[in-house]
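Chemist:
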Amino acid sequence: DRADELAEAAGDVDVVVDYVWGPVTAGVMAGIVTGRSDRGKPLTWIEIGSVAGGSAEIPSAALRAARLQIVGSGQGSVPTRDVLAELPEIAAEITSGAFDIDARAVPLGEVETAWGDTETTQRIVFTP
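In short: position in the sequence shown from 1, add 845, done, that's my numbering.
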């Protein structure tokens, strides 16, 4: 099945950035950690989203099978003082023009049309 194929292909990755979570992640994670050629090599699993479900029932044997670290990435995962300390440098980089972002402004009233545009590679910024 697809989870087994993914587990085999990703068996020796160092980092997984997971936007899915839920039962899908539970199956894939178990396959990846038990299929690693070097189970002592660290695997960092970064949980970012939960489009497939808010919880994942991960077998305890999978957690013991490899050197796995599960971390969250979201509002609460970084202390506020650390975020605030980085803001001046981030603002300086943004205002320096170092970033080249292909974006277009779309009036909020056209959100449905813009959301359905799957052909564009531009970032869409909704405006009032």
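By construction, the Cβ of each residue, glycine as well, lies at the ideal position given by its N, Cα and C atoms.
In angstroms with no decimal places, state the Cα-to-Cα distance between V865 and G899.
Modeler: Cα-Cα distance, rounded: 9 Å.
Chemist: Just to confirm, are A848 and V869 a CB contact at a threshold of 9 Å?
Modeler: Going by C-beta atoms, A848 is nearer than 9 Å to V869.
Chemist: For V928 and E934, what's the separation of their Cα atoms in angstroms?
Modeler: Looking at the two C-alpha atoms, the distance is approximately 11 Å.
Chemist: Indicate the three-state DSSP secondary structure (helix, strand or coil) for S950 in the structure shown.
Modeler: Reading off the sequence shown, one finds Ala at residue 950, where the question assumed Ser. If DSSP states are grouped into helix, strand and coil, A950 belongs with the strands.
Chemist: Are three or more beta carbon pairs between the region 914–921 and the region 935–952 nearer than 8 Å?
Modeler: At 8 Å Cβ cutoff, the stretches do not touch.
Chemist: Alpha carbon to alpha carbon, what distance is there between R909 and V970?
Modeler: Rounded to whole angstroms, V970 to R909 spans 44 Å at the Cα level.
Chemist: Quick check for students: name the residue ranges of the alpha helix (DSSP H) that lie wholly in the region 849–920, counting only runs of 4 or more.
Modeler: Counting only runs of 4 or more, we get 867–879, 905–910.
Chemist: If G867 sits next to A897, beta carbons under 8 Å apart, how far is it from one beta carbon to the other, in whole angstroms?
Modeler: About 3 Å; that satisfies the 8 Å criterion.
Chemist: May I have the straight-line CA-CA distance separating L953 from T966, to the nearest angstrom?
Modeler: Approximately 19 Å between the Cα atoms of the pair.
Chemist: Please return the same chain residues whose Cβ sits closer than 7 Å to the Cβ of E931, not counting the five positions on each side in sequence.
Modeler: Counting only Cβ-Cβ distances below 7 Å, and skipping sequence neighbours, we find nothing.
Chemist: By how many angstroms is the C-alpha of A901 removed from the C-alpha of I893?
Modeler: Going by the C-alpha atoms only, they are around 13 Å apart.
Chemist: For the alpha helix (DSSP H) that T925 lies in, which residues bound it at each end?
Modeler: Looking at the DSSP string, the run of the alpha helix (DSSP H) that includes T925 is 925–941.
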